[in-house]
Amino acid sequence: MAFAAALVAGCATLPQLGTAADAAANPLLYATAWKQTAAEYRALYYQGFNIARERLDAALAKHKDGDKPLAIVTDIDDTVLLPLPYWRMIVKEDKAFFDDPTWDAWVPKNEFVASPGSVDFLKYAEEKGVEIFYVTSRDQGEKTTEFVTGNLRAAGFPLKAENLTVLRDTSNKEKRQDEILAKYDVVVFLGDNLNDFRRKYYLKGDVPGRIAKMEEDKALFGNKYILFPNPTDGHWMAAIFGTSEPEDTPETRATLRKAAE
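Here the sequence shown is numbered in this note's numbering, starting from 1250 and rising by one per residue.
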């Protein structure tokens, strides 16, 4: 219900565009409108968590005494928590790319929306005795972990403090992932970004190379890796621009247009 309410609020507060030229001015509009309104966006989360539950049930059925304990490893932002009000604010302010100062001020407000199916799936995993590890890269200063904890708890997620990893100085999750893999049988990794699975996909300024790395692992998607949609931001942008958070300049917009052609 919270997700549906966020969609309604998003529709109600979308900026009024006066002309066709206005609509074309901000390259973020299509992606944000899709997040705010598309039933397909919501359905893809249900689909992902349905698949994850199938993988979990299969792992539980064959798990034996003496085996490594089972675990789920999940990213947070745009995987289990959706920052829909943040993107609504970005569009209202006519910003065309992810904006760190706006994000840092917004995060403590606890206005995230749980992604469709996420709370039910993770509560199901918890009920089955499966460990849930959250691994995220965020930096809002010394209170970052406090903010992340508050965001998750406000949305109703099961959380053990010792199973939350917040990386403030890097987006490289592989060291923590390997630590978990050494002790647990990870059933699935959940994420909206290939970097949520392995660091090998983090390639700057190399779109063909990043696609090739993904193709090497195509059998893992829908099996070990459950990927969720995110057209507004992420490391896919680093493959185009060389950075995940480019400045909004005429050159940046020209590069974006070239990528779309």
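For glycine and all other residues, C-beta sits at the position ideal for the given N, C-alpha and C. Keep in mind that this is a model prediction, so the values were computed, not measured.
- Under the three-state reduction of DSSP output, GLY1315 falls in the coil class, being neither helix nor strand.
- Three or more Cβ pairs closer than 8 Å define a contact, and the stretch 1344-1361 meets that threshold against the stretch 1390-1402.
- If the five residues before and after ARG1417 are omitted, its C-beta is found closer than 8 Å to the C-beta atoms of SER1386, ARG1387, ASP1388 and THR1393, all from its own chain and listed in chain order.
- When secondary structure is reduced to three states using DSSP, TYR1433 falls in the coil class, being assigned neither helix nor strand.
- Pairing ILE1321 with ALA1374 gives a Cβ-Cβ distance under 8 Å.
- With the rule of 3 Cβ pairs closer than 8 Å, the stretch 1436-1448 counts as touching the stretch 1481-1496.
- By the 16-neighbour rule on beta-carbons within 10 angstroms, ILE1489 is buried.
- Sixteen is the threshold: when 16 or more other Cβ atoms of the shown chains lie within 10 Å of the Cβ of ILE1381, as they do, the residue is buried.
- Rounded to whole angstroms, ASP1497 and GLU1510 show a C-alpha spacing of 19 Å.
- If you compare the alpha carbons of ALA1461, PHE1446, PRO1478 and LEU1452 with that of LEU1469, the shortest gap goes to PHE1446.
- Between ALA1404 and VAL1368, the C-beta spacing is below 8 Å.
- If you look at THR1414, you'll find it in the beta strand (DSSP E) that goes 1413-1416.
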